[in-house]
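Here the protein sequences come in this chain order: A and B. Counting in the working numbering, the first sequence runs from 214 upward without gaps. Counting in the working numbering, the second sequence runs from 214 upward without gaps. Ideal Cβ positions, reconstructed from N, Cα and C, are used throughout, including at glycine. Since the model is a prediction, treat every value here as computed from it, not as a measurement. Structure record follows, encoded as structure tokens.
There are 2 protein chains.
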Amino acid sequence: MAGLSPDSPLRGFVGYHLKRAYMSIHSDFVASLTHLDLKPTTYSALAIINENPDISQTDLARALAMERSNIVVMVDELQARGLIVRNKVPTDRRVYALRTTSKGIELFLEASRAVKKHEDKLLDGFAPEERAQLVEMLIRIQQVK
Amino acid sequence: MAGLSPDSPLRGFVGYHLKRAYMSIHSDFVASLTHLDLKPTTYSALAIINENPDISQTDLARALAMERSNIVVMVDELQARGLIVRNKVPTDRRVYALRTTSKGIELFLEASRAVKKHEDKLLDGFAPEERAQLVEMLIRIQQVK
DNA sequence: TATTGTTATACTCTATAACTATA
DNA sequence: TATAGTTATAGAGTATAACAATA
Numbered sequence: 214m215a216g217l218s219p220d221s222p223l224r225g226f227v228g229y230h231l232k233r234a235y236m237s238i239h240s241d242f243v244a245s246l247t248h249l250d251l252k253p254t255t256y257s258a259l260a261i262i263n264e265n266p267d268i269s270q271t272d273l274a275r276a277l278a279m280e281r282s283n284i285v286v287m288v289d290e291l292q293a294r295g296l297i298v299r300n301k302v303p304t305d306r307r308v309y310a311l312r313t314t315s316k317g318i319e320l321f322l323e324a325s326r327a328v329k330k331h332e333d334k335l336l337d338g339f340a341p342e343e344r345a346q347l348v349e350m351l352i353r354i355q356q357v358k
Numbered sequence: 214m215a216g217l218s219p220d221s222p223l224r225g226f227v228g229y230h231l232k233r234a235y236m237s238i239h240s241d242f243v244a245s246l247t248h249l250d251l252k253p254t255t256y257s258a259l260a261i262i263n264e265n266p267d268i269s270q271t272d273l274a275r276a277l278a279m280e281r282s283n284i285v286v287m288v289d290e291l292q293a294r295g296l297i298v299r300n301k302v303p304t305d306r307r308v309y310a311l312r313t314t315s316k317g318i319e320l321f322l323e324a325s326r327a328v329k330k331h332e333d334k335l336l337d338g339f340a341p342e343e344r345a346q347l348v349e350m351l352i353r354i355q356q357v358k
């Protein structure tokens, strides 16, 4: 049997802790959405479409950092569930203008409450300043690029 | 075209920033290891085997949070490359005792230097206290479970 | 020529079930 | 009966290439 801390050589890396924290929060995030039959990606898509009415699939792909080809099937599903609509655009007949339906908005708002609850549980011991400081550092990290 | 911040509805969530920071660092992490033909998982496996001589595949799986079945093929690869050895254990003939070879240790050390460099670049603007504070918060998050 | 949406495909990661040999 | 290692397989998620319609 290995010792109590077989991961000790990795603990010196910030990235290791970042990954573990992300994994941990992600599984709880997924769980908080399953009862609404949403996944992180479909929830994020709803959020972005709702915030950006008439967004195209290409722009949605960019916002979600996904391939356009993979957006198609997800948009198909959201449309089949009546959560969004694909409207034709007269000025450019190649593109679709995506919009949330009232049903989509309702589901998005309910999901947002669930995600909020999940975050509050997650950050239970964090003071507001700590929370802000954490976000600030996370943003700084991704800006190094 | 969407606005400049199509993701604004998601920015209120800490988990969103955590994911983005993780994604960002992860791709750079992967890039820092490719020249040694290592992936995050194989590097971590080397690290854990090196720190825990004679660890079993089952315990390695637990430490890496991977399935035992998926460990097999990875251990096969590390063994085929001469980085680790599978020794038989007389007291329990079901298990293998994994150990890094001198070649494996050498590669691990070189990879560790590469990862260190990657982390230093990533955390360039971070004071030592900030860095410690970040790690402390990340650990706190994953302990909420 | 370039771009949007689309299809098909492949590749990686991960998860599950069933088997064998040992305990 | 339980466990270690193994095999095969299936399911996500993601990436690439090629195509028709339109710009």
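Residue i: first and last residue of the uninterrupted beta strand (DSSP E) it sits in
i: B:T313; result: 309-313
i: A:V302; result: First-last for A:V302: undefined, no H or E at that position.
Inter-residue spacing [alpha-carbon to alpha-carbon] between residue i and residue j
i: B:V286; j: A:I354; result: 34 Å
i: B:R233; j: B:Q356; result: 21 Å
i: A:D241; j: A:P303; result: 43 Å
i: A:V348; j: A:M236; result: 17 Å
i: A:G338; j: A:I261; result: 30 Å
i: A:M214; j: A:K330; result: For A:M214, the predicted model reports a pLDDT of 38, less than 50, meaning its position is unreliable; a value from the coordinates is still stated below. Roughly 39 Å between the two C-alpha positions.
i: B:V328; j: B:L320; result: 12 Å
i: A:S315; j: B:D220; result: 20 Å
i: A:E332; j: A:V243; result: 12 Å
i: A:A293; j: A:G317; result: 11 Å
i: B:I238; j: B:N265; result: 27 Å
i: B:T271; j: B:R281; result: 6 Å
i: A:S245; j: B:S218; result: 25 Å
i: A:S257; j: B:L273; result: 35 Å
i: B:P222; j: A:R224; result: 33 Å
i: A:V227; j: B:H248; result: 22 Å
i: A:V308; j: A:S269; result: 6 Å
i: B:R326; j: A:E342; result: 35 Å
i: A:V288; j: B:K301; result: 53 Å
i: B:Y229; j: A:L277; result: 11 Å
i: A:A310; j: A:N283; result: 17 Å
i: B:R306; j: A:Q346; result: 52 Å
i: A:K334; j: B:D267; result: 40 Å
i: B:M279; j: A:N263; result: 37 Å
i: B:R344; j: A:R344; result: 15 Å
Cβ distance (whole Å) where residue i is taken to contact residue j below 8 Å
i: B:A340; j: B:L251; result: Incorrect: roughly 30 Å between the Cβ atoms, too far for contact.
i: A:V298; j: A:R312; result: 5 Å
i: A:L231; j: B:L351; result: 6 Å
i: B:T254; j: B:L291; result: Not quite, the Cβ-Cβ distance comes to about 10 Å (not below 8 Å), so this is no contact.
i: A:L296; j: A:L259; result: 6 Å
Limits of the unbroken alpha helix (DSSP H) element including residue i
i: A:K232; result: 227-247
i: A:I354; result: 341-356
i: A:P253; result: 253-264
i: A:E290; result: 281-293
i: A:R275; result: 270-277
Within chain A, partners of residue i - CB distance below 7 Å
i: B:Y235; result: L231, K232, Y235
i: B:G182; result: One cannot answer for residue 182 of chain B here, as it falls past the ends of chain B, which runs 214 to 358.
Within chain A, partners of residue i - CB distance below 8 Å
i: B:L223; result: S257, A260, I261
Proximal residues of chain B, C-beta to C-beta of residue i below 9 Å
i: A:D250; result: Under the 9 Å cutoff, chain B gives no residues; its nearest Cβ is about 19 Å from A:D250.
i: A:V357; result: S237, I238, D241, K334, L335, L336, D337, G338
Interface partners of residue i on chain B, CB under 7 Å
i: A:I352; result: H230
Proximity test, residue i beta-carbon vs the ligand GDP heavy atom, cut-off 7 Å
i: B:N300; result: Among the components modelled here there is no ligand, and therefore nothing to report on the ligand GDP.
| task | Check each residue of the segment 320-347 of chain B: if its Cβ is closer than 9 Å to any Cβ of chain A, include it; give the result in chain order. | result | F321, S325, V328, K329, H331, E332, K334, L335, L336, D337, G338, F339, E343, R344, Q346, L347
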